[in-house]
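Q: Residue numbers (this note's numbering): 6 to 483. Using N, Cα and C, we set each Cβ at its ideal position, and we do this for glycine too. None of these values were measured; they are calculated from a predicted model. Pasting a structure here, questions to come.
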Ligand code: BGP
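Rendered as structure tokens:
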């Protein structure tokens, strides 16, 4: 729909930016921190781009004051970061490591002192290795209790200072990459195990939300979901059906559970046919239904365009983690859908479609289906950047990307979607899990390379100033 004029962004709209512990902190074994599964996984040759790891990352653990000062200079209203579970509880349960917890306490105080609202993610993929070793992490129901206990420590400690909480970051990604595609720890490729681990994660998510309410914690809580809306390649009914399959399989399968406590019917039935459906025990559905979030957190990067895929059709295909354009392989789920190039969309060097209208479409779908407010917890452009001799970074391509996506949010607001905020990915450059340090997302350039940390100096990119102005004007002149 076309609007004669766009509605303004709400006055208290959270113009923010985001990060995750493993990708920025470094200090992987400092001050009592225990190892997480990522600390171990990155040591296995061939798992990451050029064997990169987060041992030092961008050293945010030691430089958080400098980073927060830059956020304040930019005028950021919110900063989303995650807490490393194994800093707080080195083996995942038992004694609290006070020094680890204190780091986050100090970071939160530093943000508040600069008028920046902390948005705290409880879990961004770094489950303590101790829990993986003890009972297989997400594969055991014991994770429900342990995650809830860990979450409760954070709710109690930061209640009143933190008003936006994110439970699990991209459950759909860490579960599928960890248990089906074997790109992430624990590197398993087994659908039956994957859907079981996923069901446990659903229960843990709901249980943490229930705990949040029981404790009377102030503020709002919700998951962050990696949502790539699905299109059909054309109006052929078989392709339309493929797009419907993809939307139910890749999106509703998670979001329906978060909001309604029920899996979508056709996909659950299909999983039963394959022998992959998770076991639903008495009490599960009740727990899931009770743990309804206050908002849907959305990580949006791209859309997917789908076509019919026969039962003996294409399956998993390799991802482009090198930044050599056009190296992703075709992929799909046999019998459900396969992903096609969308002739209308440009792609990044990592083959991700650039589609601001897709963001508006996604926001509209969520708002209508779930009737929840939406917080964009991630969105941004991963690209090569270059530092000029004058120590400047002219990332007009990123400004263009962020401007178009901000405009799509404003259009969605005008359509009637309730939007809480926009946390771009990312504030500083950081480690991309599988793509090393060369795939940059930040407003702040960090001078390091894959295997050379240099001095980790920070430089403001042109996009830093663009966002500064946009925040100041509350998005009035996009
Ligand atoms: C999301 C993750 C982030 C971040 C981002 C960019 O899936 O939540 O942690 O990494 O994607 O992805 P990538 O680093 O693969 O380019």
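Please work out which residues of its chain come closer than 6 Å, Cβ to Cβ, to residue 47, disregarding the five sequence neighbours upstream and downstream, and give them in chain order.
A: Along the chain shown, one-based indexing puts residue 47 at 42. Closer than 6 Å at Cβ, skipping near neighbours: 53 and 58.
Q: Tell me the DSSP secondary structure of residue 475 in three-state form.
A: To locate residue 475, count along the chain shown from 1; it is residue 470. DSSP, reduced to helix, strand and coil, places residue 475 within a helical segment of the structure shown.
Q: Between which two residues does the alpha helix (DSSP H) holding residue 129 run?
A: Here residue 129 corresponds to residue number 124 of the chain shown, with the count starting at 1. First-last for residue 129: undefined, no H or E at that position.
Q: The ligand BGP heavy atoms versus the CB of residue 62: any closer than 8 Å?
A: Within the chain shown, residue 62 is the residue found at index 57, counting from 1. Not under cutoff, so the answer is no.
Q: Out of 27, 17, 178 and 13, which one is the CA nearest neighbour of residue 437?
A: Along the chain shown, one-based indexing puts residue 437 at 432. Closest by alpha carbon: 27.
Q: How is residue 429 classed by DSSP in three states: helix, strand or coil?
A: The residue given as residue 429 occupies position 424 in the chain shown. The answer is strand: DSSP assigns residue 429 an E or B state.
Q: Looking at the ligand BGP, does it come within less than 8 Å of residue 252, judged from the CB to the closest heavy atom?
A: Reading the chain shown from its first residue, position 247 is the one you call residue 252. No, the beta carbon of residue 252 sits no closer than 8 Å to any heavy atom of the ligand BGP.
Q: Could you check what DSSP says for residue 306 in three-state terms: helix, strand or coil?
A: The residue you call residue 306 lines up with position 301 of the chain shown. The answer is coil: DSSP assigns residue 306 none of H, G, I, E or B.
Q: Kindly give me the distance between the Cβ atoms of residue 8 and residue 362, rounded to whole angstroms, as I take these residues to be in contact under 8 Å.
A: Here residue 8 corresponds to residue number 3 of the chain shown, with the count starting at 1. Here residue 362 corresponds to residue number 357 of the chain shown, with the count starting at 1. At roughly 14 Å, the Cβ-Cβ gap does not stay under 8 Å, so residue 8 and residue 362 are not in contact.
Q: Alpha carbon to alpha carbon, how far is residue 97 from residue 105?
A: On the chain shown, position 92 is the one that residue 97 refers to. On the chain shown, position 100 is the one that residue 105 refers to. Residue 97 and residue 105: Cα-Cα distance of roughly 13 Å.
Q: Please determine whether the Cβ atom of residue 446 lies at a distance below 8 Å from any heavy atom of the ligand BGP.
A: The residue given as residue 446 occupies position 441 in the chain shown. Yes, Cβ of residue 446 sits closer than 8 Å to a heavy atom of the ligand BGP.
Q: Measuring CA to CA, which of 403, 375 and 398 is closest to residue 386?
A: Working through the chain shown from its first residue, we reach residue 386 at position 381. Nearest C-alpha to residue 386 among 403, 375 and 398: 403.
Q: Within the present structure, is the beta-carbon of residue 189 separated from the nearest heavy atom of the ligand BGP by less than 8 Å?
A: Mapped onto the chain shown, residue 189 falls at position 184. Outside the cutoff, so no.
Q: Where does the unbroken alpha helix (DSSP H) through residue 361 begin, and where does it stop?
A: The sequence position of residue 361 within the chain shown is 356, counting from 1. That run of the alpha helix (DSSP H) goes 361–375.
Q: Here's a check: name, in chain order, each residue in its chain whose Cβ is nearer than 7 Å to the Cβ of residue 375, leaving out the five neighbours to either side.
A: The residue you call residue 375 lines up with position 370 of the chain shown. Excluding residues within five positions, the ones whose Cβ falls inside 7 Å are 260, 264 and 301.
Q: Please return the same chain residues whose Cβ sits closer than 6 Å to the Cβ of residue 378, not counting the five positions on each side in sequence.
A: Translated into the one-based positions of the chain shown, residue 378 becomes position 373. Excluding positions up to five away in sequence, the list reads 300, 423 and 425.
Q: With distances taken from CA atoms, which of 269, 451, 459 and 473 is nearest residue 398?
A: Numbered from 1 along the chain shown, position 393 holds the residue referred to as residue 398. When only C-alpha atoms are compared, the closest one is 451.
Q: Spatial neighbours of residue 61 within its chain, please: CB distance less than 6 Å, with the 5 preceding and 5 following residues excluded, ordered by chain position.
A: Mapped onto the chain shown, residue 61 falls at position 56. Contacts found: 31 and 458.
Q: Write down the C-beta distance between residue 210 and residue 318 rounded to the nearest angstrom, noting that I regard them as a contact closer than 8 Å.
A: Within the chain shown, residue 210 is the residue found at index 205, counting from 1. Within the chain shown, residue 318 is the residue found at index 313, counting from 1. Rounded, the Cβ-Cβ distance is 32 Å, inconsistent with contact.
Q: Would the segment 340–357 and the segment 238–247 be scored as touching if the rule is three or more Cβ pairs under 8 Å?
A: yes
Q: Taking the beta carbon of residue 203 as the centre, do at least 16 other beta carbons fall within 10 Å, making it buried, or is it exposed?
A: Here residue 203 corresponds to residue number 198 of the chain shown, with the count starting at 1. Buried, because 16 or more other Cβ atoms sit within 10 Å of the Cβ of residue 203.
Q: Would the C-beta of residue 304 count as close to the ligand BGP, meaning under 8 Å from any of its heavy atoms?
A: The count along the chain shown starts at 1 and reaches residue 304 at position 299. Answer for residue 304: yes, Cβ within range of the ligand BGP.
Q: If distances are taken between C-alpha atoms only, which option among 406, 284, 262 and 254 comes closest to residue 271?
A: Along the chain shown, read from residue 1 onward, the residue named residue 271 stands at position 266. Nearest C-alpha to residue 271 among 406, 284, 262 and 254: 254.
Q: Among 138, 277, 21 and 354, which residue has its Cα nearest to the Cα of residue 433?
A: Translated into positions along the chain shown, residue 433 becomes position 428. Nearest of 138, 277, 21 and 354 to residue 433, Cα basis: 21.
Q: Do you know offhand how far residue 127's Cα is from residue 89's?
A: In the chain shown, the residue the question calls residue 127 occupies position 122. In the chain shown, the residue the question calls residue 89 occupies position 84. Distance between the alpha carbons of residue 127 and residue 89: 8 Å.
Q: Would you mind sorting residue 65 into buried or exposed? The rule is 16 or more other CB atoms within 10 Å of its CB.
A: For this step, residue 65 is matched to residue 60 along the chain shown. It counts as buried.
Q: Given 8 Å as the limit, tell me if residue 4 has its C-beta closer than that to any heavy atom belonging to the ligand BGP.
A: Here the chain comprises residues numbered 6 to 483, so residue 4 is not present and cannot be evaluated.
Q: When you compare only the Cα positions, how much space is there between residue 453 and residue 461?
A: The sequence position of residue 453 within the chain shown is 448, counting from 1. The sequence position of residue 461 within the chain shown is 456, counting from 1. About 6 Å.
Q: Rounded to the nearest angstrom, what separates residue 365 and residue 43 at their Cα positions?
A: To locate residue 365, count along the chain shown from 1; it is residue 360. To locate residue 43, count along the chain shown from 1; it is residue 38. Using only the alpha carbons, I get a separation of about 34 Å.
Q: Taking DSSP's pairing of strands, which residues face residue 152 in a bridge?
A: For the purposes of this step, residue 152 is taken as the residue at position 147 of the chain shown. Beta-bridge annotation (DSSP): residue 152 is not paired with any residue.
Q: For chain B, is any of its Cβ atoms less than 9 Å away from the one on residue 162?
A: Chain labels in this structure do not include chain B; a single protein chain is all it has.
Q: Determine whether the beta carbon atoms of residue 311 and residue 337 lie at a separation below 9 Å.
A: Translated into the one-based positions of the chain shown, residue 311 becomes position 306. Translated into the one-based positions of the chain shown, residue 337 becomes position 332. Yes.
Q: With contact counted as at least three CB pairs below 8 Å, one residue from each stretch, are the segment 276–294 and the segment 193–207 in contact?
A: yes
Q: Between 162, 167, 33 and 470, which has its C-alpha nearest residue 103's C-alpha?
A: Working through the chain shown from its first residue, we reach residue 103 at position 98. The candidate whose alpha carbon is nearest that of residue 103 is 162.
Q: Considering residue 279, what are the terminal residues of the alpha helix (DSSP H) in which it resides?
A: Numbered from its first residue, the chain shown carries residue 279 at position 274. That run of the alpha helix (DSSP H) goes 270–279.
Q: Between residue 175 and residue 12, what straight-line distance do the alpha-carbon atoms span, to the nearest angstrom?
A: Mapped onto the chain shown, residue 175 falls at position 170. Mapped onto the chain shown, residue 12 falls at position 7. Here the alpha carbon of residue 175 sits roughly 30 Å from the alpha carbon of residue 12.
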